[in-house]
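Protein chains in written order, with the numbering used here: chain S, 830 to 1106; chain L, 830 to 1106.
Protein chains: 2
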Amino acid sequence: MTVTDLPRALLREDLANASGRDVRAAARSGQWRRATHGLARGYVQANMAIVPKRYAFDFMLFCQRNPKPCPIIDITDPGDPEARFAAPGSDVRVDLPGYRVFRDGELVAEVFEITDHWRSDSVAFLLGCSNSMDDVLLDARIPQRHLESEDGRISVYASNIMCAAAGIFRGPVVVTMRPIPQNRLVDAISITARYPMAHGAPVHVGDPRAIGIDDLSRVDWGKYNELRHDDVPVFWACGVTPQAVAAKARIPEMITHAAGHMFVSDLKLTQLAHGTR
Amino acid sequence: MTVTDLPRALLREDLANASGRDVRAAARSGQWRRATHGLARGYVQANMAIVPKRYAFDFMLFCQRNPKPCPIIDITDPGDPEARFAAPGSDVRVDLPGYRVFRDGELVAEVFEITDHWRSDSVAFLLGCSNSMDDVLLDARIPQRHLESEDGRISVYASNIMCAAAGIFRGPVVVTMRPIPQNRLVDAISITARYPMAHGAPVHVGDPRAIGIDDLSRVDWGKYNELRHDDVPVFWACGVTPQAVAAKARIPEMITHAAGHMFVSDLKLTQLAHGTR
């Protein structure tokens, strides 16, 4: 399938079995400007954060020290918008279906491409994303409550677990919560542990108060997905962490993907399983 | 055991079952100034490279893009000589039993401590080391030919596999070769694959010419360890790679461990196995 074969108005189902390249082309052409959950199944999706080079060492150090929230999939050369490892031929300025532009830590614009914002010293970080974990869990037939509605929004919270700081970057680990049936708990942990580039094993299982979350119904991002009978709340580190930390550091410029509007790579998750690189 | 309990003239056996902290204390006090193979068994050993901060982003990017030769165990804050993750309380300026100082890519000194060379912008990279892999293979009763002599020197070659470049850092993957009995080949691969921080799975098995090595007896570093009947040559990525690349880039200042004189951390290898961080 190529994007040119597709009807002008794309549905999520049209891109469910597309390649990462197809999704990027659809974003680039303006045919797809929505969230990317459920698209290009099996292809690794990534959070993106673009920072000026003078902040890039500290930001990379922050990611290196906090591999669960910030698994590094690819980092571009300064000024080069191509993610050469994750997606040869890509252009991070136009290949995502939506972007957010921050100044001094404040959101100033939501845009569909960032050509005018890209600088000769821009460095793009592509970091693992829990959309990829959804695929792994679904393949194992572990229910994913948040995908049962069209918006696909997961429950996201700031925990009281602190990241290891690096330079000006410091803050709490942000976590996603998935309700997991008790009888699939061991599977959910051992299966996700194989995929460090999709945040790996959970950071916490069970009582939310143990990680500083008093009320599951009050999410910090996304929406609350209810626990059903016999469900256990399971918390994985979330790629919102580095963005929240970078915004809090109030660096003069930062560009990220818009919420849920991820970079879809050419990599299959199995290529990034333990032991393969 | 503490180092103060030990006799003044230490033997390798005295430190074989010591902790990483004990070995660092022995190096710091001048009681141990030799190679660290066989010491503090089970504790992660690390290659070290210290570069000025202005090169640290590109050097970290190089490591991130080449995880097999350059597995990042810890990186210090600029100017801070403590490896806070790998060994709280450590001091990378005095805790290794030997150092090499380079200027413009040329070796200018071999010293026992580097206090006078440490700068306010120095960044120390601690990168995985095949000494740690030796432990894993020995525990699996896979013979390690190079450890059968006291000098413990392994066979090291520059291959024709090119690293992914980053900034000024580029060059070939340097590899160690271990002769592995044919009937332990699968074990050697699958077991080392579990330990990415000790270089992980091999980069090549079998015919050395396939990776540009014409004559195994002509090593580039270390010494040749002969293949015996039914041995297969197995090649793992080597921590000499980033040093060779940094020397070739002729950066004005670089400090490394002396050959075989590693940083011994407080981490157990099992803490760095897949899925644990």
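We put the CB at the ideal spot given by N, CA and C, even for glycine.
- In the DSSP assignment, Gly957 (chain S) falls within the beta strand (DSSP E) that extends over Ser951 to Gly957.
- Gln1100 (chain S) and Leu925 (chain S) have their C-alpha atoms spaced approximately 22 Å apart.
- Remark: three or more beta-carbon pairs, one from each stretch, lie closer than 8 Å, so the stretch 1025–1035 of chain S and the stretch 987–1006 of chain S are flagged as touching.
- In the DSSP annotation of this structure, the continuous segment of the beta strand (DSSP E) that includes Gln874 (chain S) starts and ends at Tyr872 to Pro881.
- Sorting L:Val952, L:Leu868, L:Arg929 and L:Thr1021 by C-alpha distance to the C-alpha of Glu979 (chain L) places L:Leu868 at the top.
- Distances from the alpha-carbon of Arg1013 (chain L) to those of L:Asp1095, L:Ser959, L:Ala969 and L:Val930 put L:Ala969 closest.
- DSSP places Asp903 (chain L) in the uninterrupted beta strand (DSSP E) bounded by Ile901 to Ile904.
- In summary, the residues of the stretch 900–918 of chain L whose CB is separated from some CB of chain S by less than 9 Å are Ile901, Asp903, Ile904, Asp906, Pro907, Arg913 and Phe914, in the order they occur in the chain.
- Nothing from the stretch 941–956 of chain S brings a Cβ to less than 7 Å from some Cβ of chain L.
- Each residue's CA atom was taken as its position, placing Asp851 (chain S) and Asp1043 (chain S) some 42 Å apart.
- Looking at the DSSP output, Val937 (chain L) sits in no beta bridge, so it has no partner there.
- Of all residues in the stretch 869–884 of chain L, those with a C-beta nearer than 8 Å to a C-beta of chain S are Lys882, reading in chain order.
- In this structure, Leu955 (chain S) lies near Ile904 (chain S), with their beta-carbon atoms less than 9 Å apart.
- Within the same chain, Cβ atoms closer than 7 Å to the Cβ of Val965 (chain L) are found at Ile1020, Thr1021, Tyr1024, Ala1027 and Leu1098, the five residues on either side in sequence being excluded.
- The Cβ atoms of Ala875 (chain S) and Val952 (chain S) lie no closer than 9 Å to each other.
- The continuous alpha helix (DSSP H) containing Ala856 (chain L) extends over residues Gly849 to Arg857.
- Taking all protein chains in view, the Cβ of Gly918 (chain S) is surrounded by fewer than 16 other Cβ atoms within 10 Å, so the residue is classified as exposed.
- When the five nearest sequence neighbours on each side are left out, the beta carbons in the same chain lying within less than 7 Å of the beta carbon of Val1093 (chain L) are those of Gly849, Val852, Arg853, Thr865, Leu868, Ala869, Tyr872 and Gln874, in order along the chain.
- Under the three-state reduction of DSSP, Ser1094 (chain S) is assigned to strand.
- About 7 Å separates the Cβ atoms of Cys992 (chain S) and Pro898 (chain S), confirming a contact at the 8 Å cut-off.
- At the C-beta level, Val1063 (chain S) and Pro1008 (chain S) come within 9 Å of one another.
- Pairwise C-beta distances place the stretch 1075–1085 of chain L in contact with the stretch 932–940 of chain L, as three or more of them are shorter than 8 Å.
- Here the alpha carbons of Asp963 (chain S) and Pro1010 (chain S) stand approximately 15 Å from one another.
- Within 8 Å of the CB of Met889 (chain S), the CB atoms of chain L belong to Phe886, Met889, Leu890 and Gln893, in sequence order along the chain.
- With 16 or more other Cβ atoms inside 10 Å of its own Cβ, Thr1070 (chain S) counts as buried.
- Taking 9 Å as the cut-off, the Cβ atoms of Asn895 (chain S) and Ala1066 (chain S) count as close.
- Beta-bridge pairing by DSSP links Phe931 (chain L) to L:Leu936 and L:Met1083.
- Linking Ile879 (chain L) to Met1083 (chain L) through their CA atoms gives a straight-line distance of about 6 Å.
- Cβ-Cβ separation between Leu890 (chain L) and Gly996 (chain L): approximately 7 Å, consistent with a contact (criterion under 8 Å).
- Taking all protein chains in view, the Cβ of Thr1005 (chain S) is crowded by 16 or more other Cβ atoms within 10 Å, so the residue is classified as buried.
- No Cβ of chain L is located within less than 9 Å of the beta carbon of Ala1078 (chain S).
- When the Cα atoms are used, Arg922 (chain L) and Arg948 (chain L) turn out to be separated by approximately 11 Å.
- The DSSP assignment places 1014–1021 as complete runs of the alpha helix (DSSP H) inside the stretch 966–1028 of chain L, in order along the chain (cut-off: 4 residues).
- Inclusion of Ile943 (chain L) and Leu1096 (chain L) in the CB contact set at 9 Å is not warranted, their separation being larger than that value.
- Here Ala856 (chain L) is buried, its C-beta having at least 16 other C-beta atoms within 10 Å.
- Secondary structure note for Pro1062 (chain S): its beta strand (DSSP E) is the uninterrupted segment Asp1060 to Ala1066.
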